[in-house]
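Working notes, beginning with the structure itself.
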Amino acid sequence: MGFYDLAAFITKILSISKYPKLFYVGHSMGTTTFFVLMSTRPEFNKYIYSSALLSPVAFGVRKFKSSFFEEILKRSDKIGDFLKAIHLFDIPPRSKETQSLIRLFCSELLQGICLNVVGDVAGENRKNLNRAKVSDYINSIISGGSIKTLLHFAQVYKTGEFKRFDYGSKENRVIYEQAKPPNYHLERISSPVILFYSNNDKLIDEESIHRIDNLLPNIVSKELLPEYSHLDYVFGNDAPEKLYLVIRDMFNRISNNSYFTIESLVVIE
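Every letter in the sequence shown is one number past the one before it in full-length UniProt numbering, and letter 266, counting from 1, is 266.
Here it is, written out as structure tokens:
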């Protein structure tokens with residue numbers, strides 16, 4: 001997604017807009033794809049005025065409290081082999097049936113359980129969520145995807161290293177000409193970066209932020225939002241005032257302009 005898709009998005013946007021550069025806002029996987037593109041195709045850095053990376057994911061994730069999720073991640077290789085054997089390579093896009101199930105699970109009757117699961121995975125900060133829209137939030141996240149992408153994240157989780165996909169030593173030698181997958185070199189990302197992170201986010205931790213900070217050569221600012229969960233950056237009630245306006249002002253200062261407006265902010269996840 002980073003090497004091809006995001007590169008195509010940026011090229012298309014600049015082609016249509018006729019601007020020489022753009023501002024980038026990425027959340028969660030949207031930061032990962034940014035890291036992948038800008039490190040493997042560093043020539044794209046010249047097209048970025050600045051990026052705001054919200055809850056950046058690169059060097060694994062914080063361990064879940066739930067043993068259920070831990071066990072799934074530990075067994076991801078075997079799960080991947082099984083899914084490959086039955087020729088299941090993608091997660092189907094959301095359907096009316098899954099949307100109905102999520103609406104039921106997050107209905108007023110069961111919402112306590114629903115929010116507990118969300119808090120266990122993303123971080124507990126339910127006071128900043130519009131509870132009437134929780135099912136809509138989850139449905140917007142569950143939109144299909146690649147099994148390989150999930151397995152890649154599981155590899156990063158288990159190794160704590162930001163590397164290309166590990167196919168096993170035999171296939172790695174064919175694809176990468178070495179037994180182990182190569183690293184993504186964040187030090188190649190030369191465009192200005194603003195990091196936003198939280199102590200309450202279950203999917204990142206201070207160690208991973210510290211490693212990113214040490215590798216990126218052009219960090220403009222690091223902004224701590226202590227109470228934010230992984231979802232608050234996108235769905236938090238106070239995100240427009242507490243986060244998006246801050247991003248706007250920072251981008252305008254970086255560009256020495258005032259043409260960047262809050263209405264033009266699009267977050268890539």
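Built from N, CA and C at the ideal position, the CB exists for glycine as well. Remember, it's a predicted structure, so these values are computed and weren't measured experimentally.
{"query": "Residue span of the alpha helix (DSSP H) that contains Ile102, given as start and end", "result": "96-105"}
{"query": "Whether Gln155 touches Phe165 by CB criterion (9 Å)", "result": "yes"}
{"query": "Residues near Arg211 by beta carbon distance below 8 Å, same chain, minus five either side", "result": "Ala58, Phe59"}
{"query": "Expected contact under 8 Å - CB spacing of Asn200 and Ser221 to nearest Å", "result": "Not quite, the Cβ-Cβ distance comes to about 20 Å (not below 8 Å), so this is no contact."}
{"query": "Per-residue DSSP class, three states only, for Ile204", "result": "coil"}
{"query": "Asp90 - partner residues in DSSP beta bridges", "result": "Ser146"}
{"query": "In DSSP terms, what Ser50 is bridged to", "result": "Phe23"}
{"query": "Unbroken beta strand (DSSP E) run spanning Lys170, endpoints", "result": "Lys170 -> not in any beta strand (DSSP E); alpha helix (DSSP H) instead, spanning 169-175."}
{"query": "Other residues of its chain near Leu83: CB distance less than 7 Å, five sequence neighbours each side excluded", "result": "Ile147"}
{"query": "Ile209 versus Pro56: straight-line alpha-carbon distance, rounded", "result": "8 Å"}
{"query": "Paired residues, beta bridge with Tyr197 - DSSP", "result": "Leu224"}
{"query": "Beta-bridge partners of Lys12, as assigned by DSSP", "result": "Partner(s): none; Lys12 has no beta bridge."}
{"query": "C-alpha gap between Gly2 and Arg75, whole angstroms", "result": "26 Å"}
{"query": "Proximal residues to Phe235 (C-beta, below 7 Å), its chain only, five neighbours per side dropped", "result": "Leu129, Tyr137"}
{"query": "Leu224 and Asp232 closer than 9 Å at C-beta", "result": "no"}
{"query": "Collapsed DSSP secondary structure at Ser258 in the structure displayed", "result": "Interpretation of Ser258 is limited by its pLDDT of 47, a score under 50 that renders its predicted location unreliable; no figure is taken from the coordinates."}
{"query": "With 16 other Cβ atoms within 10 Å as the buried cut-off, status of Ser15", "result": "exposed"}
{"query": "Coarse secondary structure for Asn125, derived from DSSP in three states", "result": "coil"}
{"query": "Contact the stretch 187-200 vs the stretch 42-57: 3+ CB pairs below 8 Å", "result": "yes"}
{"query": "Local Cβ density within 10 Å of Glu263, reported as buried at 16 or more and exposed below that", "result": "For Glu263, the pLDDT reaches just 48, beneath the cut-off of 50, and the residue's location in the model is therefore unreliable, although a value from the coordinates is still provided. By the neighbour-count rule (16 or more Cβ atoms within 10 Å), Glu263 is not buried but exposed."}
{"query": "Arg173 classed as buried or exposed, judged by whether at least 16 other C-beta atoms fall within 10 angstroms", "result": "exposed"}
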